[in-house]
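Visitor: Those protein sequence lines, which keep their order, are chains W and C. Residue numbering for the first sequence is 1 to 365, as defined by full-length UniProt numbering. Residue numbering for the second sequence is 1 to 365, as defined by full-length UniProt numbering. Ideal Cβ placement from N, Cα and C applies to all residues, glycine included. Bear in mind that the values here come from a model prediction, so they are computed numbers and not experimental data. Below you will find the structure I want to go over with you.
There are 2 protein chains.
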Amino acid sequence: MRESGARAAGGDVRRHNLALVLGEVVDAEPVSRATIAARTGLTRGTVSSLVEELLGAGLLDELAAARGGPGRPANPLQLNRSGPAGLGIEIEVDHVAACVVDLTGAVRATARAASDHRDAPPGVALARATELARAVRAEAGLDVAGVAVAVPGVVGTDGIVVRAPNLPRWSGADVGPLLDGLPVTTANEADLAALAELWFADGPPDALYVSGGVGVGAGIVLGGRLFRGAGGRAGELGHVVVDPDGPNCRCGGHGCLEQVAGRDALLRAGRTTDLDALPAHVLDAAARALGVALAGAVNLLDVPVVVLGGIYPRLGEALRAAVHDRLCERVVHRSDVQVRLSALGPGGALRAAAATVVRQRLLRP
Amino acid sequence: MRESGARAAGGDVRRHNLALVLGEVVDAEPVSRATIAARTGLTRGTVSSLVEELLGAGLLDELAAARGGPGRPANPLQLNRSGPAGLGIEIEVDHVAACVVDLTGAVRATARAASDHRDAPPGVALARATELARAVRAEAGLDVAGVAVAVPGVVGTDGIVVRAPNLPRWSGADVGPLLDGLPVTTANEADLAALAELWFADGPPDALYVSGGVGVGAGIVLGGRLFRGAGGRAGELGHVVVDPDGPNCRCGGHGCLEQVAGRDALLRAGRTTDLDALPAHVLDAAARALGVALAGAVNLLDVPVVVLGGIYPRLGEALRAAVHDRLCERVVHRSDVQVRLSALGPGGALRAAAATVVRQRLLRP
DNA sequence: AACCCTTTGTTCGATCATCGTACAAACTCG
DNA sequence: CGAGTTTGTACGATGATCGAACAAAGGGTT
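See the structure below:
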């Protein structure tokens, strides 16, 4: 038992319905009060009351009456482009970036700076990030409601970096007091990339997003929500075993996916430093390994779609098709698993980080 | 968006709070109105009103006043042992079984009959099951609210068996009109076994339950709820690849877990027909394969506990320890994964099936 | 035995948010 | 210019909760 510990009194109902109205606007912007009423099942009167409150809070905005068909023209509502905004920060091995999105998730300002953090203490990157954040905040000129930081590693619920394999000095770092008093949250980069796919690329509500980099991580989206696992460490796909007799891995096992399909492993196997120059047999081995690992994940989770991101889109359609074939060979129940290449590019996680902030405001008004 | 499409009106609040009160009783039976109020945050007056309704509906029962400390003695409430009951039916390859549980999940009557269904049409087993169901229903003498059928295969949401590997003639079968007009649901056997572990053996809210049989299936419990996947087919662990060059599998791939750790595979490898006589090297290979497959699942889902059920408890503590060792070698972030043997035995799924019926009534009063 | 104290459960008016209906507003079409 | 249609608001009714006051039922103390 104890499914939801929250008691339901009057105020909770109001909040729930405010969020319901907002959700309707997000889904079908611009939209009239009457349409919202019809789609939510609430009365027109109630929707009017809710909308009034949301207009007052600066979350919604009323456009000029749109004329067209018969009847009184509707007053279209949309998310307030000048409403509370979200600030996203991305800390990567070789750069930092920041951006501001408005309530719709549209990028209103963005900046990026190269900066090597491999052996630097967290303070270096955080100082650069703060600088960038100040700049994009000023450029956007919006009221920023909070900050979300994308980190390539395992993060705690709020502000603490638990472990970042490629940023050794970041273990245990606290990104909390970043920008004068704004609430700060942290999230894993692959998780954010998965949300970006869901939010900005019409991704399906159930999907496995594979992020290829030095390691291979996964963001899991189930029922339209990010799945983070009991300890926030879900999605560690890189160490699925694809060959029990394979090469040793830094995780202690042998034959992990990362040792075949990770970036460094690919370059090493191809004897090159250029991802675009990988020979076919290396790509083939990677596809085979990804197929084995992903088949396990798909069989376990029953997700209909796998999205390949990170370095994989760069490796081309041939890789996608090969992974799809290998995957289908081993998937038990689904005959229709899709494998897609991410079209969002590396900016997705950053934008999604900023969007989590406004999302929070929209879900809990 | 569109997280929950339900509008929240007055009646929904009432229902939510009724469920909240029931949940409190389930968690800490027997319990007084005042304690429920304190733990839920509702007013004593409101709780009184809710409890009155639940007493009227026959879901709760009031005991004699318990005396003890200072102050007016409380009137303890508990689930009504004579309230609506659930009927569970289990269809297996070589038997059928049925049982009735009361609102607390306690078994009030149970029956079982051997019956080979390998090549029989569904009607044969269903007729036997109906017979048993009638008998246990009469024996328990309770008001049965619904029926849930446990099937060793993939089932649709309501009443339809999609595919049952070991019951070839059951594909597409409808167990709907089973017992004169009672609502019937279906569920996968491994899923139910996982719920049994959660409900009746104090299992953790996040766990992976592995059911060893002819195949190897898994029931996934996340956040105290069963995870069934987008198509209800989640938990197919048996075809995770543990050795890409391994023997062919009926699924079309090679080296699936099932080919090493499934019952038939174990007996074949041990050249015996007795599970208790398996040689150590066979158990060792099974443990190694389970470790590889489970590590992938644990890395992906970040569950803290794995429960081994089905035939595995019979294979003993040595297997458990070996699986645990193999697992820990390959789990990335968690240093504390537990591996347990299920203590419930084969009756768990049947009991859980019956319990799903009453659970439904408790969650949506 | 009488009294005080504590805790439980109920009663009753106030409050809040919804619903249903009625009505005014605004526009198109004939 | 009027009929018809759709939108948005106003207002009383309903349902559910809250807060406070009150009656009930003991234990402990003198």
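Say whether the stretch 296–309 of chain C touches the stretch 199–219 of chain C, bearing in mind that this needs 3 or more beta-carbon pairs closer than 8 Å, one atom from each stretch.
Guide: The stretch 296–309 of chain C is in contact with the stretch 199–219 of chain C.
Visitor: Which same chain residues, not among the five before or five after Ala193 (chain W), have their C-beta less than 8 Å away from its C-beta?
Guide: So the list reads Tyr209, Ser211, Gly219, Gly309, Gly310, Ser342, Leu344, Gly348, Ala349 and Ala352, once near-sequence residues are dropped.
Visitor: Straight-line CA distance for Val323 (chain W) to Ala293 (chain W)?
Guide: Answer to the nearest angstrom: the Cα atoms are 10 Å apart.
Visitor: Asn75 (chain W) versus chain C: which residues are under 7 Å apart at the beta carbon?
Guide: By Cβ distance, chain C contributes nothing, its closest Cβ being about 21 Å from Asn75 (chain W), past 7 Å.
Visitor: Are the C-beta atoms of Ala34 (chain W) and some chain C residue less than 7 Å apart?
Guide: Not an interface residue.
Visitor: For Ser211 (chain C), which of helix, strand or coil comes out of DSSP?
Guide: It is a strand residue.
Visitor: Looking only at its chain, what residues have a beta carbon closer than 8 Å to the beta carbon of Ala265 (chain C), apart from the 5 residues adjacent to it on each side?
Guide: Closer than 8 Å at the Cβ level, and outside the excluded window around Ala265 (chain C), lie Glu258 and Gln259.
Visitor: Note down, in chain order, each residue of its chain lying with its Cβ closer than 6 Å to the Cβ of Val358 (chain C), except the 5 sequence neighbours on either side.
Guide: Gly86 and Leu103, listed in sequence order.
Visitor: Under 8 Å: do the stretch 327–335 of chain W and the stretch 168–182 of chain W share three or more Cβ pairs, one atom per stretch?
Guide: No: the two stretches stay apart, fewer than three of their Cβ pairs being nearer than 8 Å.
Visitor: Does any residue of chain C bring its CB to less than 7 Å from the CB of Asn299 (chain W)?
Guide: With 7 Å as the cut-off, Asn299 (chain W) counts as an interface residue toward chain C.
Visitor: Would Gln360 (chain C) count as contacting chain W if we go by Cβ distances under 7 Å?
Guide: Chain W, which has no Cβ nearer than 7 Å to the Cβ of Gln360 (chain C), makes this no.
Visitor: Could you pull the start and end residues of the alpha helix (DSSP H) that His95 (chain C) belongs to?
Guide: Taken as a continuous stretch (DSSP letters only), His95 (chain C) belongs to no alpha helix (DSSP H), being part of the beta strand (DSSP E) at His95 to Val101.
Visitor: Does the beta-carbon of Asn17 (chain C) have 16 or more other beta-carbons within 10 angstroms, so that it is buried, or is it exposed?
Guide: The residue in question, Asn17 (chain C), is buried, as its Cβ has 16 or more Cβ neighbours within 10 Å.
Visitor: How should Pro84 (chain W) be labelled, buried or exposed, when 16 other C-beta atoms within 10 angstroms of its C-beta is the threshold for buried?
Guide: Pro84 (chain W) comes out buried.
Visitor: Check whether chain C comes within 7 Å of residue 366 (chain W), counting only Cβ atoms and requiring the distance to be less than that.
Guide: Lying outside 1 to 365, the shown extent of chain W, residue 366 (chain W) is not represented and no answer is given.
Visitor: Of the choices C:Leu226, C:Pro76 and C:Glu90, whose alpha-carbon is the least far from that of Glu197 (chain C)?
Guide: Nearest C-alpha to Glu197 (chain C): C:Leu226.
Visitor: Smallest Cα separation from Leu60 (chain W): which of W:Gly45, W:Pro73, W:Glu24 and W:Arg334?
Guide: Looking at the Cα atoms, W:Glu24 is the closest of the given residues.
Visitor: Once DSSP output is grouped into helix, strand and coil, what is the label at Ala120 (chain C)?
Guide: Three-state result, Ala120 (chain C): coil.
Visitor: Where does Cys328 (chain C) sit, in a helix, a strand or coil, going by DSSP?
Guide: Here Cys328 (chain C) sits in helix by DSSP.
Visitor: Do we get a CB-CB distance below 7 Å when we pair Asp206 (chain C) with the residues of chain W?
Guide: Taking Cβ atoms only, chain W reaches closer than 7 Å to Asp206 (chain C), which makes this a yes.
Visitor: Any chance the stretch 276–286 of chain W sits against the stretch 235–250 of chain W, with 3 or more Cβ pairs inside 8 Å?
Guide: Touching, no.
Visitor: Could you tell me the alpha carbon to alpha carbon distance between Leu42 (chain W) and Gly11 (chain C), rounded to whole angstroms?
Guide: Roughly 13 Å between the two C-alpha positions.
Visitor: Assuming the contact rule is C-beta atoms closer than 8 Å, Gly229 (chain C) and Thr186 (chain C) should be a hit. Round their C-beta distance to whole Å, please.
Guide: Between Thr186 (chain C) and Gly229 (chain C) the Cβ distance is about 15 Å, and since that is not below 8 Å, they are no contact.
Visitor: For the beta strand (DSSP E) holding Leu294 (chain W), just list the boundary residues, first then last.
Guide: Not the beta strand (DSSP E): Leu294 (chain W) falls in the alpha helix (DSSP H), residues Ala280 to Leu301.
Visitor: Name the DSSP bridge partner or partners of Asn248 (chain C)?
Guide: Its beta-bridge partners are C:His254.
Visitor: Once DSSP output is grouped into helix, strand and coil, what is the label at residue 399 (chain W)?
Guide: Outside the shown range of chain W, which is 1 to 365, sits residue 399 (chain W), and nothing can be said about it.
Visitor: Kindly indicate which three-state DSSP category Val147 (chain C) falls into: helix, strand or coil?
Guide: Correct three-state label for Val147 (chain C): strand.
Visitor: Would you list the one or two residues that DSSP bridges to Ile311 (chain C)?
Guide: In DSSP, Ile311 (chain C) forms no bridge with anything.
Visitor: Using a Cβ-Cβ cut-off of 7 Å, state whether Asp302 (chain W) counts as contacting chain C.
Guide: Chain C, which has a Cβ nearer than 7 Å to the Cβ of Asp302 (chain W), makes this yes.
Visitor: Does Arg81 (chain W) have its Cβ less than 7 Å from a Cβ in chain C?
Guide: Not closer than 7 Å to any Cβ of chain C, the Cβ of Arg81 (chain W) fails to qualify, so no.
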